[in-house]
Structure formats: structure tokens, C-alpha cells
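Asker:
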Amino acid sequence: MSLNVYWAMAFILPKGVIRAVEKKVRNFLWKGNSAVGYPKVAWSDVCRPIEEGGLGIRDILALNKALMSRHLWNVIQNNQSSIWVKLIGHTHLRHKSVMDPVANVEVWLLGLEKLSLGYMPRNH
């Protein structure tokens, strides 16, 4: 799953990609190398932590949201030790704060809508 974590950390993954990856993981888990097999347990139960009776497989959508939120938090905090924050600050925000009501911040609002965080107001 480390490759999945890398991509989830780097990009907002499209839901179709997430579904395809989870389908591959589910098929491997339930079928292995054979062509037959059926789910014995609900996928939400499989994604629970081991301590709660699950297998500890991460929900890729939730992981992607958490990792993208971490990037957004670093931008809001203006964490200059992050190369990613410097890049976004220079290219998209043009050295302004993400909280400034300028047209470039709309990029972040669209990103927040994709993450479905829902706590940022829309500027329309």
C-alpha cells in the first residue's frame, strides 16, 4: 500500500481511480489467483484498525482527504520548510495568504470542495 500512500499524498485522486485500486485490493483479498470468490466481510469492516477487529487496510478516499488536508494546513500555516508550500505560494498564491480574498484563492476553494471539507465559504 506504500505506492497508494505516495499517490494519495501527492494528488487529489479521482474517485474512479480510488474505486479501481480498491477493486484490485478486494479481488486479491477475496479471490487470490483464482477467478472465483465472494466477499465474506463488508469492506468497511476490513478497513477498520486491527484493534477493532478489521484487517487494518486503509480506506484510500479517507487517506487522500487527510493527506491533502495536511498540505492545505501547511499552506495556511505558511510552513516555509516545505518545498510544496513554497511552490504553491510562488505559482498559485503569488506570495499572498491563502486566506486573502483574491481570485487565486478560488483554486483552493475548488480543492476544498473536492475534499468535501465544507467549512470554507464560497466566494461567488
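Using my numbering, read the sequence shown as starting at -11 and increasing by one per residue.
For each residue, glycine too, the CB sits at the ideal point set by N, CA and C.
1) Count the other C-beta atoms from every protein chain shown that fall within 10 angstroms of the C-beta of Ile38, then say buried if there are 16 or more, exposed otherwise.
2) One question on the structure: do Val(-7) and Leu51 come within less than 9 Å of each other, judged by their Cβ atoms?
3) Locate the alpha helix (DSSP H) running through His59, then write down its first and last residues.
4) Quick check on Ile6: does DSSP put it in helix, strand or coil?
5) When burial is assigned at 16 or more other CB atoms within 10 Å of the CB, is Val34 buried or exposed?
6) Which of the three DSSP states is assigned to Phe(-1) in this structure?
Answerer: Checking against the coordinates, here is how it stands:
1) The residue you call residue 38 lines up with position 50 of the sequence shown. Exposed, by the Cβ-count rule.
2) As a first step, residue -7 is located in the sequence shown; it is residue number 5 there, counting from the start. As a first step, residue 51 is located in the sequence shown; it is residue number 63 there, counting from the start. Result yes, Cβ atoms of Val(-7) and Leu51 sit closer than 9 Å.
3) Taking the sequence shown and counting its residues from 1, one reaches residue 59 at position 71. Bounds of the alpha helix (DSSP H) holding His59 are 48 to 64.
4) For this step, residue 6 is matched to residue 18 along the sequence shown. In the structure shown, Ile6 sits in a helix (DSSP, three-state: H, G or I).
5) Within the sequence shown, the letter at position 46 stands for residue 34. The residue is buried, with at least 16 neighbouring Cβ atoms inside 10 Å.
6) If you number the sequence shown from 1, residue -1 lands on position 11. In the structure shown, Phe(-1) sits in coil (DSSP, three-state: anything other than H, G, I, E or B).
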